[in-house]
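Colleague: Line by line, the protein sequences give chains U and G.
Per our numbering, residue 1 is the first one in the first sequence, and the count goes up by one each step.
Per our numbering, residue 128 is the first one in the second sequence, and the count goes up by one each step.
There are 2 protein chains.
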Amino acid sequence: MHILTLLALDKDSWLTSAHIAGSLNVNPVIVRKEIMNLKSGNLIESKEGKNGGVRLLKDPSEIYLSDIFQLVKGKHNVLSLSKNTPNPACPVGRQINEKLESVFDNIDDAIIRELSKQTLDAFKNQF
Amino acid sequence: MHILTLLALDKDSWLTSAHIAGSLNVNPVIVRKEIMNLKSGNLIESKEGKNGGVRLLKDPSEIYLSDIFQLVKGKHNVLSLSKNTPNPACPVGRQINEKLESVFDNIDDAIIRELSKQTLDAFKNQF
DNA sequence: TTATACTGTAGTAATTATTATTACAGTATA
DNA sequence: TATACTGTAATAATAATTACTACAGTATAA
Chain U
1 MHILTLLALD KDSWLTSAHI AGSLNVNPVI VRKEIMNLKS GNLIESKEGK NGGVRLLKDP
61 SEIYLSDIFQ LVKGKHNVLS LSKNTPNPAC PVGRQINEKL ESVFDNIDDA IIRELSKQTL
121 DAFKNQF
Chain G
128 MHILTLLALD KDSWLTSAHI AGSLNVNPVI VRKEIMNLKS GNLIESKEGK NGGVRLLKDP
188 SEIYLSDIFQ LVKGKHNVLS LSKNTPNPAC PVGRQINEKL ESVFDNIDDA IIRELSKQTL
248 DAFKNQF
């Protein structure tokens, strides 16, 4: 969100990972990694070489926060357990993960519904 | 959820932390710590000493998944950044946290609305 | 009244996940 | 051809989570 906000506020410039990293106060390599992710979702484009950098591929008014959420959350649900290996000899332990996944799917859907109400343009206009 | 499901399925027994830990496949101390949390929300009660353990304080049909969510998530929003210290010299960096918190508040509210549709009783009946 | 089987809790170790750092090949620009 | 970028890998440092050990306190039952 922070990266995309900077890009939305400076829509026609190629921002460098160093510049963005300065605002986030993190290492530029971390920014470049997230940039690869945002590129994979066709939200931004990047240019190598001197005077290169990153910029938005779409108008901020066409980017919904739900789009960003779905891209950034990856394949795992927001509430999914990073590691959960319950006892398969227990009827509950054997099935708890799939039952919870179902609840977690519902949660992610609810989040997407909520975030589809707001665009990146509306968000960036707060600054 | 796993702990409460076990308690809901065995509503009149005092389950021990060792028994619960066996189903979760985690250390009993971890279970006891979470039990302290569930007690603080008045969802369960515990009994010390021999033949002690834990049991539900309410009927599963009166416990909504949203109640559990609000208790377990603690004071932080689900999507809150554990550590985020952006550059205060940047107009975006200076305000991004508060603006994101507002979005995260909306997300948590959406989750609560979703989870208030289901009770622990309905969840436990899947097993 | 005493052995037993629990909870509650502190302290520390181990593990896992995240972020930072260093390095450098590749590329576009001036 | 020097420069300033991206893209990416490898490794180190840090932070967060979970496990483990230990034991004081407490209720039960023989």
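All residues carry an ideal CB built from backbone N, CA and C; glycine is no exception.
Just so we're clear, the structure is a prediction, and the values are computed from it rather than from any experiment.
Does residue 76 of chain U have its Cβ less than 8 Å from a Cβ in chain G?
Modeller: no
Colleague: Measuring CB to CB, does residue 86 of chain U end up less than 8 Å from residue 188 of chain G?
Modeller: Not a contact, by the Cβ cut-off of 8 Å.
Colleague: With 16 as the cutoff for other CB atoms within 10 Å, does residue 93 of chain U come out buried or exposed?
Modeller: buried
Colleague: Closest Cβ-Cβ distance between residue 197 of chain G and chain U: below 8 Å?
Modeller: Taking a beta-carbon distance threshold of 8 Å, residue 197 of chain G does not count as an interface residue toward chain U.
Colleague: Can you tell me which residues form a DSSP beta bridge with residue 183 of chain G?
Modeller: Bridge partners of residue 183 of chain G: G/171.
Colleague: Straight-line CA distance for residue 205 of chain G to residue 79 of chain U?
Modeller: 8 Å
Colleague: Cα separation between residue 244 of chain G and residue 112 of chain U?
Modeller: 17 Å
Colleague: According to DSSP, simplified to helix, strand and coil, what is residue 208 of chain G?
Modeller: coil
Colleague: Just to confirm before moving on: does the CB-CB distance between residue 3 of chain U and residue 45 of chain U stay below 8 Å?
Modeller: Taking 8 Å as the cut-off, the beta carbon of residue 3 of chain U is found no closer than this to the beta carbon of residue 45 of chain U.
Colleague: For the alpha helix (DSSP H) holding residue 132 of chain G, just list the boundary residues, first then last.
Modeller: 129-136
Colleague: Enumerate in chain order the residues of its own chain whose CB-to-CB distance from residue 8 of chain U is below 6 Å, with the five nearest sequence positions on each side excluded.
Modeller: 60, 120, 124
Colleague: Taking residue 192 of chain G as the query, report the chain U residues whose CB atoms sit under 9 Å from its CB, ordered along the chain.
Modeller: 103
Colleague: The alpha helix (DSSP H) with residue 63 of chain U in it runs from where to where?
Modeller: No alpha helix (DSSP H) holds residue 63 of chain U; DSSP gives it neither H nor E.
Colleague: Considering only the alpha carbon of each residue, which of G/165, G/158, G/198, G/168 lies closest to residue 77 of chain G?
Modeller: This structure cannot speak to residue 77 of chain G, because chain G is shown only from 128 to 254.
Colleague: Check whether the Cβ atoms of residue 31 of chain U and residue 17 of chain U lie closer than 8 Å to each other.
Modeller: yes
Colleague: Are any of the Cβ atoms in chain G nearer than 8 Å to that of residue 99 of chain U?
Modeller: yes
Colleague: Leaving out the 5 sequence neighbours to the left and right, which residues in its chain are closer than 8 Å to residue 234 of chain G when beta-carbon positions are compared?
Modeller: These residues qualify, in order along the chain: 204, 205, 206.
Colleague: Return no unless some Cβ of chain G is closer than 8 Å to the Cβ of residue 23 of chain U.
Modeller: Taking Cβ atoms only, chain G reaches closer than 8 Å to residue 23 of chain U, which makes this a yes.
Colleague: Compare the C-beta of residue 220 of chain G with all C-beta atoms of chain U and state if any pair is closer than 8 Å.
Modeller: yes
Colleague: Measure from the C-beta of residue 120 of chain U to each C-beta in chain G and report whether the shortest distance is under 8 Å.
Modeller: Chain G contact via Cβ: absent.
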